[in-house]
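Peer 1: Before anything else, here's the structure in question.
Protein chains: 2
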Amino acid sequence: MAPTPEPQRFLPLTAPMFHILLVLSAGERHGYAIMRTVEERTAGQIRLGSGTLYPAIKRMLADGWIEEAGTRLDPALGEEQRRYYRLTDLGRQVAGAEAQRLYALVEAARAYHLLPEAGQHPAGWEGV
Amino acid sequence: MAPTPEPQRFLPLTAPMFHILLVLSAGERHGYAIMRTVEERTAGQIRLGSGTLYPAIKRMLADGWIEEAGTRLDPALGEEQRRYYRLTDLGRQVAGAEAQRLYALVEAARAYHLLPEAGQHPAGWEGV
DNA sequence: CTCGGTATGTCGATGTTCGACATGTCGAAC
DNA sequence: GTTCGACATGTCGAACATCGACATACCGAG
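Given below as structure tokens:
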């Protein structure tokens, strides 16, 4: 039945790992841009230090969740040493599987009245 | 504005910790019952070993998320050595804050098309 | 009387995060 | 011209949590 039963074996993901997959799902980025985008997206609430980010990238490459999109020599920016990464199919599947896991937890939390009722957005949590 | 001392400072929670809070939010339980309830609730997908559970309980007690509800000598069960725990107000707040954090991540995942559109439940994920 | 389930707990190995440090470039301010 | 902050990548050690295995003990069924 399941064409790809694999991505679940990596769950659960840690928070930093999921945040990285999340920003990469929106497009290619280099390491520093991942940091900044996460910080921006969460209004400064989540900050990835380089000691978290770069080892995480290394593991994701090794596990085939992401691949290098080429070191770009941006013509407008001198010759910067930036390493760009993009999600692989597996990476997107892992991110999707983790998102479904989180979704199920949120539903459970609602059932136990830890959250406002379905459809209602709690104030101040629009985009973390 | 915040009447209580920042439950957010404990976030993010690890998966085992949140599962424990989740089952305790439904009522008092002893350690072994927590294990079995989590396993039951997730159709056997999540299993807490005792090496995860008991140290986690110890930390939660120390941080005031849970409190001992008394060692019960169940009259029908001889004198069993069971330690019951219940959520404190702080524990419920921490669980709620974590649930909101997860909710925001799910919304972000939806915005990035990692999940089916709003309101639709992906098949086979009703209660994990 | 042995086996499986209940019940609590420790131990060591492993893996991840976190903050600090290291290195180097670039443009703007002074 | 040099100092400063932002960009950019990376390593290191300490701290912490999980995980599976092991330890202990009681109980009832077969």
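Sequence lines, in order, name chains Y and F. So the first sequence is numbered by the working numbering: it starts at 14 and just counts up by one. So the second sequence is numbered by the working numbering: it starts at 14 and just counts up by one. Just so it is clear, CB atoms sit at the ideal spot from N, CA and C, and this is done for glycine as well.
#1: How would you call residue 89/Y, buried or exposed, if buried means at least 16 neighbouring beta carbons within 10 angstroms?
#2: Pick helix, strand or coil for residue 90/Y, following the three-state DSSP scheme.
#3: Counting only Cβ-Cβ distances shorter than 7 Å, please list the residues of the stretch 57–74 of chain F near chain Y, keeping chain order.
#4: List the residues of chain F that residue 31/Y touches, going by C-beta distances under 9 Å, in chain order.
#5: Beta strand (DSSP E) containing residue 128/Y: first to last residue?
#6: Buried or exposed: which applies to residue 130/Y, given that a residue is buried once 16 or more other Cβ atoms fall within 10 Å of its Cβ?
#7: Exposed or buried, which one is residue 106/F when buried takes at least 16 other CB atoms within 10 Å?
#8: Put residue 39/F into one of helix, strand or coil per three-state DSSP.
#9: Can you say whether residue 113/Y is buried or exposed, counting buried as having 16 or more other CB atoms within 10 angstroms of its CB?
#10: Cα separation between residue 62/Y and residue 82/F?
#11: Between which two residues does the beta strand (DSSP E) containing residue 95/Y stretch?
#12: I'd like the list of long-range same chain contacts for residue 45/F, defined as Cβ closer than 8 Å, with 5 residues on each side in sequence excluded.
#13: Could you tell me if residue 20/F is buried or exposed, where buried requires 16 or more neighbouring beta carbons within 10 angstroms of its beta carbon?
#14: Residue 72/Y: which of 125/Y, 119/Y, 27/Y, 123/Y sits nearest, CA to CA?
#15: Counting only beta-carbon atoms, is residue 108/F nearer than 8 Å to chain Y?
Peer 2: This is what the structure gives:
#1: Residue mapping note: residue 89/Y aligns to position 76 of the first sequence, counting from 1. In this prediction, residue 89/Y has a pLDDT of 46, which is less than 50 and means its spatial position is unreliable; nothing more can be read from the coordinates.
#2: Counting from 1 along the first sequence, the entry for residue 90/Y is found at position 77. For residue 90/Y, the predicted model reports a pLDDT of 48, less than 50, meaning its position is unreliable and no value from the coordinates is stated.
#3: none
#4: For the purposes of this step, residue 31/Y is taken as residue 18 along the first sequence, with counting starting at 1. By Cβ distance, chain F contributes 118, 122.
#5: Against the first sequence, residue 128/Y aligns to sequence position 115. Per DSSP, residue 128/Y belongs to no beta strand (DSSP E) and is neither H nor E.
#6: Residue 130/Y sits at position 117 when you count from the first residue of the first sequence. Exposed.
#7: Your numbering for residue 106/F matches position 93 in the second sequence. Counting Cβ neighbours within 10 Å, residue 106/F comes out buried, since at least 16 surround it.
#8: Indexing the second sequence from 1 puts residue 39/F at position 26. Reduced to three states, the DSSP call for residue 39/F is coil.
#9: In the first sequence, the residue the question calls residue 113/Y occupies position 100. Result: buried.
#10: For the purposes of this step, residue 62/Y is taken as residue 49 along the first sequence, with counting starting at 1. For the purposes of this step, residue 82/F is taken as residue 69 along the second sequence, with counting starting at 1. Rounded to whole angstroms, residue 62/Y to residue 82/F spans 40 Å at the Cα level.
#11: Position 82 of the first sequence, counted from the start, is the residue given in the question as residue 95/Y. Where residue 95/Y is concerned, the enclosing beta strand (DSSP E) stretches over 95–100.
#12: Along the second sequence, read from residue 1 onward, the residue named residue 45/F stands at position 32. Around residue 45/F: 95.
#13: Within the second sequence, the letter at position 7 stands for residue 20/F. Residue 20/F should be labelled buried.
#14: In the first sequence, residue 72/Y corresponds to position 59, counting from 1. Comparing Cα positions, the closest option is 27/Y.
#15: Counting from one through the second sequence, the residue named residue 108/F turns up at place 95. At least one chain Y Cβ lies under 8 Å of residue 108/F.
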